[in-house]
Structures are given as C-alpha cells and as structure tokens.
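Mapped onto my numbering, the consecutive letters of the sequence shown carry residue numbers 1 to 236. Below you'll find the structure, written out as structure tokens, and then a few comments.
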Amino acid sequence: MTDFYDIMVLIMINATKYLMSACFWFHMVSKSGLSVQLSKLLVFSNAKTKLEQYPTDSEVAATVLWDAYMQGNIENKIVVDLGCGTGILGLGAILLGARFVYFIDIDKEALEILAQNIADLEIPVRKYKLLNKNVEEINKEYHVQVKADVVIQNPPFGTREKHVDKQFLEKAFTIASTIYSFHKTTSKDFISALSRDHKINSKLIHEFNFPLRASMKFHKKKIERISVGCWKFFKM
1 MTDFYDIMVL IMINATKYLM SACFWFHMVS KSGLSVQLSK LLVFSNAKTK
51 LEQYPTDSEV AATVLWDAYM QGNIENKIVV DLGCGTGILG LGAILLGARF
101 VYFIDIDKEA LEILAQNIAD LEIPVRKYKL LNKNVEEINK EYHVQVKADV
151 VIQNPPFGTR EKHVDKQFLE KAFTIASTIY SFHKTTSKDF ISALSRDHKI
201 NSKLIHEFNF PLRASMKFHK KKIERISVGC WKFFKM
C-alpha cells in the first residue's frame, strides 16, 4: 500500500511540474514583470557589424509587446519575429500567450543563443519554430512559406546595408496583416511613402531614446542613444 501511495505522490509531483512548465509563459500579467523576465535573456556575445546586430532593450521590448497584447494582437495569435536575433520579441510574445512563434534569422550563431534562451524558459517545442533563413527567401516561390497574424520585428536600420529596412517591411507585408516594426524616427517620410505604395495604414505608436549598448570593438561609449520609433502597420 505504501508503494502505491509513493507512486501516486510521484505522479502528482511530476504532473504539477509539467503543468507549471507548460503554463509558465502564459501567466505574465504585468509589463514590469515581462521586462524583468526579458532582461534575463542571453544576448549577442560577438555582434556582427554587417548585420547591425544590437540587442533590443528589455523595457523597450516590453512596452511594445504589452501594447500589442492589450490590443489583442498577441494572445492566441501566430507571431513572426523577423530578423529575430537572440529572440527577445518572439520570446516576449510567447510569455504573453502567443499560440505559435516563428523565429527567423540569417545568423546561425544568433539562433544558437536563442535556443539556449528557449531552453532556459522551458518553452515547449510545439510553441515555436526556428528558421535559419535570409528574409528574402521567405514566401518566395519554391522557398519556405510563412503566414501569421502578426509580425513583430526590430530590423537593421540600413546603416550598413542601404534599404535593408525596406526589405524587412515589404517581406512583413506578405506575412501578416498587422506589423509592429522599429525604425529610426528620421525614417518617417520613407515609412509613410512605403505604406501608401502598398496600401497599408501606418501609425507611429511609440518613440524611444533607444539605448544601444556597446557590443562591437569600435564602440567608444558604453551606451549610445538614438531616436527610434515603433510603427504599427495594419491592413483594413
């Protein structure tokens, strides 16, 4: 009889652990709590200059994600983190109850760091897919096809490769009807024109004094701040 009760106790303990693990990412109930959790994630150890790899600040990410969540654009939605890097935006979406997240990045090393973040958060494999792809490959004929409810992205600003920000936006337009995207505030006119060309509505919803922490050898300051906005794009 004792053995039976011992077995039942073990089953209950393991079931509780499973449920806690399965539900952990679904019970983030505050923006501040989300920011704290995101601040614990691993970031680039050797950022690549050519790819303009900068970690997204946890408070900035939490602000945009929470806004999207409160508007009903995260929970139970399929989300794409385009140019995901180490995954802060997509992981934040999972923590807020996204049904599924595609993480897409050209850099295999960034995806390896992301995989460690996923393991640390104990996110079930049914919640995500990692794609080591160039953004231009997505939704092209004979290439991987991705459709989603929402894209949340912090693409390169085009400092190193001109018009790369345009490539990311145009690709996002083929994936989802709602897009949240970070760009330099000096890009306002370009974004308005691109939106008109594609018959998509755009709205600047947040402006940040964006902190770029030193991650490359040529950086002289520990933190450089630039004016960055987050735009919401939506199809009517």
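All C-beta atoms in this analysis are idealised placements derived from N, C-alpha and C, irrespective of residue type, glycine included. Predicted model, so just to flag it, every value in this text is computed and none were measured.
Within 10 Å of its beta-carbon, does residue i have 16 or more other beta-carbons around it, so buried, or fewer, so exposed?
{"i": "W25", "result": "With a pLDDT of only 47 at W25, under the threshold of 50, the placement of this residue in the model should not be trusted; the figure read from the coordinates follows. By the neighbour-count rule (16 or more Cβ atoms within 10 Å), W25 is buried."}
{"i": "A176", "result": "buried"}
{"i": "S21", "result": "Bear in mind that a pLDDT of 47 at S21, under 50, signals an unreliable position, so the model cannot answer this."}
{"i": "H143", "result": "exposed"}
{"i": "V228", "result": "buried"}
{"i": "I94", "result": "buried"}
{"i": "K232", "result": "buried"}
{"i": "V29", "result": "exposed"}
{"i": "V125", "result": "exposed"}
{"i": "D189", "result": "exposed"}
{"i": "S35", "result": "buried"}
{"i": "D107", "result": "buried"}
{"i": "D197", "result": "exposed"}
Anyone know if the C-beta pair for residue i and residue j falls short of 8 Å?
{"i": "V101", "j": "D120", "result": "no"}
{"i": "V135", "j": "G83", "result": "yes"}
{"i": "S202", "j": "S192", "result": "yes"}
{"i": "L65", "j": "L41", "result": "no"}
{"i": "D67", "j": "I152", "result": "no"}
{"i": "R99", "j": "K77", "result": "yes"}
{"i": "C230", "j": "S195", "result": "no"}
{"i": "V60", "j": "F157", "result": "no"}
{"i": "L111", "j": "Y69", "result": "no"}
In its own chain, which residues sit with a C-beta less than 6 Å from the C-beta of residue i, not counting the 5 before and 5 after it?
{"i": "T178", "result": "N73, V150, F234"}
{"i": "P155", "result": "G83, D165, F168"}
{"i": "V43", "result": "P55, T86"}
{"i": "S39", "result": "S58"}
{"i": "L212", "result": "Y54, E224"}
{"i": "N132", "result": "K108, L111"}
{"i": "T174", "result": "N139"}
{"i": "F208", "result": "V60, V228"}
{"i": "K31", "result": "A62, W66"}
{"i": "E75", "result": "G97"}
Got a sec? Which residues, its chain only, sit under 7 Å from residue i by beta carbon, not counting five neighbours each side?
{"i": "N117", "result": "L41, L42, T86, G87, L91"}
{"i": "M236", "result": "N201"}
{"i": "K127", "result": "I94, F100, V101"}
{"i": "Q145", "result": "N139"}
List the residues that DSSP assigns as beta-bridge partners of residue i.
{"i": "W231", "result": "S181, L204"}
{"i": "F103", "result": "D81, L130"}
Quick one: measure Cβ to Cβ for residue i and residue j, integer angstroms, because I've assumed they're closer than 8 Å.
{"i": "I226", "j": "K184", "result": "7 Å"}
Can you list, in chain order, the residues of its chain whose CB lies under 8 Å from that of residue i, leaving out five sequence neighbours each side?
{"i": "K171", "result": "L82, V135, E136, I138, N139"}
{"i": "K162", "result": "none"}
{"i": "Q71", "result": "none"}
Taking 7 Å as the cut-off, does the CB of residue i come closer than this to any heavy atom belonging to the ligand ATP?
{"i": "E137", "result": "With respect to small molecules bound, the structure shown includes none, and the ligand ATP cannot be examined in it."}
Using a C-beta cutoff of 8 Å, does residue i count as contacting chain B?
{"i": "S181", "result": "Chain labels in this structure do not include chain B; a single protein chain is all it has."}
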